[in-house]
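Participant:
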Amino acid sequence: MLTPPGAFAGKLRPVWLLGHGLTSEELALVELRASGRMAAHRRLGPSDPALLGARAQLRLEPDIGPVSCFSPFQDRELVLDAAELGAGGVLLRPSNGRMEVERDGQRMVVSAREAIFLAGGGPASLWLRHVDRVDCLILASDRITANMLESSASLRVFPQNNDTLVLLGNYGAALMRGLLPMSGPVLLQHACAYMGDLVDILCGEAEAQAPHTVQDRAAARLNAIKSDIEAHLDDQALNASQIALRHGISTRYLQKLFEGEGETFSEFVLQRRLDRAMRRLQSPDEGKRSISEIAFDVGFGDLSYFNRTFRRRFDTSPRLVRAKHRAVLAGPVMPELPEAGSV
90 MLTPPGAFAG KLRPVWLLGH GLTSEELALV ELRASGRMAA HRRLGPSDPA
140 LLGARAQLRL EPDIGPVSCF SPFQDRELVL DAAELGAGGV LLRPSNGRME
190 VERDGQRMVV SAREAIFLAG GGPASLWLRH VDRVDCLILA SDRITANMLE
240 SSASLRVFPQ NNDTLVLLGN YGAALMRGLL PMSGPVLLQH ACAYMGDLVD
290 ILCGEAEAQA PHTVQDRAAA RLNAIKSDIE AHLDDQALNA SQIALRHGIS
340 TRYLQKLFEG EGETFSEFVL QRRLDRAMRR LQSPDEGKRS ISEIAFDVGF
390 GDLSYFNRTF RRRFDTSPRL VRAKHRAVLA GPVMPELPEA GSV
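So in the working numbering, spot 59 of the sequence shown is number 148, and the numbers just go up one at a time.
#1: Rounded to the nearest angstrom, what separates Met237 and Leu226 at their Cα positions?
#2: Taking 7 angstroms as the cut-off, decide whether the C-beta atoms of Met271 and Leu101 are in contact.
#3: Evaluate the contact criterion for the region 182-191 versus the region 204-219: three or more CB pairs, one atom per stretch, below 8 angstroms.
#4: Is Ser240 near Cys292, with beta carbons less than 7 angstroms apart?
#5: Please list, in chain order, all residues of the same chain as Leu228 whose beta carbon is under 7 angstroms from its beta carbon, the five residues on each side excluded.
#6: Excluding the five sequence neighbours on either side, which residues of its own chain have a C-beta within less than 7 angstroms of the C-beta of Ala299, listed in chain order?
#7: Which residue marks the beginning of the alpha helix (DSSP H) containing Asp224, and which one marks its end?
#8: Looking only at its chain, what residues have a beta carbon closer than 7 angstroms to the beta carbon of Ala297, apart from the 5 residues adjacent to it on each side?
#9: Would DSSP call Gly178 helix, strand or coil?
#10: For Arg182, I'd like the list of residues in its chain whose CB is within less than 6 angstroms of its CB, leaving aside the five on either flank, ordered along the chain.
#11: Counting pairs of beta carbons, one from the region 308-328 and one from the region 356-366, are three or more of them closer than 8 angstroms?
#12: Quick check on Gln249: does DSSP put it in helix, strand or coil?
#13: Would you call the region 335-351 and the region 374-391 touching, i.e. three or more CB-CB distances under 8 angstroms?
#14: Is the distance from the Cβ of Leu322 to the Cβ of Arg361 below 7 angstroms?
#15: Excluding the 5 residues flanking Gln325 on each side, which residues of the same chain have their C-beta closer than 6 angstroms to its C-beta?
#16: Give the range of the alpha helix (DSSP H) segment to which Met189 is assigned.
#17: Using three-state DSSP, classify Ser124 as helix, strand or coil.
#18: Using the Cα positions of Ala309 and Ser200, report the straight-line distance between them to the nearest angstrom.
Take a look at the structure:
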């Protein structure tokens, strides 16, 4: 819950909030050392806001808005309502994978390091696909501007190379890592206002920054194509002609875009399907699904081809991956941490 400006006091510090039942593998994933030795650790408690089903959160105390959500729920509908968080709006930025956002009949795909701002207009539905972390900035209701509401209504997606977004991300990261000395109400209120102003500038830009060169435009088009592929990866009939038609380009030009990165369309699709299969084989939520079900779910139509390409990519078999992961889950339980509010 955001700390009211009138209650700002003390020195700003990062705090890890960890859920119960985290495995050693998940603890490694959240990279507890990322914020330095000064970060405090405590358990997620009933009073802590549930955000994206994250199994771990990195927040600030006092809470001035930035939150990093680690190991959020995957491949299920998540309902996000800023009002339920006691906020006016939320900026969301996935670190990898993709995030699908739907509200009022509109649906957008937010790729790695892109961002979207949600405010007003009721709750939005989110689906996270292979996202390890979502960086968020929660803004209080009194900081929401007309620019923000307009951007939210259109579900505008901000490209990862947007100058304002990059500046905002770097500033938030410095705060989260404890690199900026910040104490007392004056500085803390200034930090809140500065981040809110950056979001207003971001949302108020006439249009997303356009690529400046032919290379930039090609890269932007390829990113859009990759996002489209990610959104339809489970379709066994997915092919280059289908994607090219949707993006208004020739199949040859589509292949040329991929060749610029040293791979083919088919190789990219195969690698992404294998990566998705690997993650699902390691997910505790997929423990009851058979290997063949997972293979078909991620877009493979032939089990023997899946096993052969999986072994070639990872130098191990799907069966061994699952067995090793189950052994990790059955290993020693992590030491108990203090309950929320005990530090």
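In this text, a Cβ means the ideal position worked out from N, Cα and C, and glycines have one as well.
Facilitator: The short version:
#1: In the sequence shown, counting from the first residue as 1, residue 237 sits at position 148. In the sequence shown, counting from the first residue as 1, residue 226 sits at position 137. Rounded to whole angstroms, Met237 to Leu226 spans 13 angstroms at the Cα level.
#2: To locate residue 271, count along the sequence shown from 1; it is residue 182. To locate residue 101, count along the sequence shown from 1; it is residue 12. A contact, by the Cβ cut-off of 7 angstroms.
#3: yes
#4: Here residue 240 refers to the residue found at position 151 of the sequence shown. Here residue 292 refers to the residue found at position 203 of the sequence shown. Yes. Within cutoff.
#5: In the sequence shown, counting from the first residue as 1, residue 228 sits at position 139. So the qualifying residues of the chain are Gly154, Ala176, Gly177, Gly178, Gly285 and Val288.
#6: In the sequence shown, residue 299 corresponds to position 210, counting from 1. Caution is warranted here: a pLDDT of 48 is assigned to Ala299, below 50, making its placement in the model unreliable, and the coordinate value is therefore given only provisionally. If we look at Ala299 and ignore the five residues flanking it on each side, it has no Cβ neighbours.
#7: Mapped onto the sequence shown, residue 224 falls at position 135. First-last for Asp224: Arg222 to Leu228, but that is the beta strand (DSSP E), not the alpha helix (DSSP H).
#8: Indexing the sequence shown from 1 puts residue 297 at position 208. Since pLDDT at Ala297 reaches only 47, below the 50 mark, its modelled position is unreliable, and the value read off the structure follows with that caveat. Closer than 7 angstroms at the Cβ level, and outside the excluded window around Ala297, lie Phe247, Pro248 and Asn251.
#9: The count along the sequence shown starts at 1 and reaches residue 178 at position 89. Here Gly178 sits in strand by DSSP.
#10: Within the sequence shown, numbered from 1, the residue matching residue 182 stands at position 93. So the list reads Ala204 and Asp224, once near-sequence residues are dropped.
#11: yes
#12: Position 160 of the sequence shown, counting from 1, holds the residue named residue 249. Reduced to three states, the DSSP call for Gln249 is coil.
#13: no
#14: As a position in the sequence shown, residue 322 is number 233, starting the count at 1. As a position in the sequence shown, residue 361 is number 272, starting the count at 1. Their beta carbons are under 7 angstroms apart, which means Leu322 touches Arg361 by this criterion.
#15: Locating residue 325 in the sequence shown gives position 236, counting from the first residue. Same-chain partners within the cutoff: Gly388 and Gly390.
#16: Against the sequence shown, residue 189 aligns to sequence position 100. A small fix is needed here, since residue 189 is Glu in this sequence, not Met. No alpha helix (DSSP H) contains Glu189, which is instead part of the beta strand (DSSP E) from Arg187 to Arg192.
#17: In the sequence shown, counting from the first residue as 1, residue 124 sits at position 35. Here the model assigns Ser124 a pLDDT of 43, short of 50, so the residue's position is not dependable, and the following value carries that caveat. DSSP places Ser124 in helix when its eight states are reduced to three.
#18: Residue numbering aside, residue 309 sits at position 220 when the sequence shown is read from its first letter. Residue numbering aside, residue 200 sits at position 111 when the sequence shown is read from its first letter. In a straight line, the C-alpha of Ala309 is about 11 angstroms away from that of Ser200.
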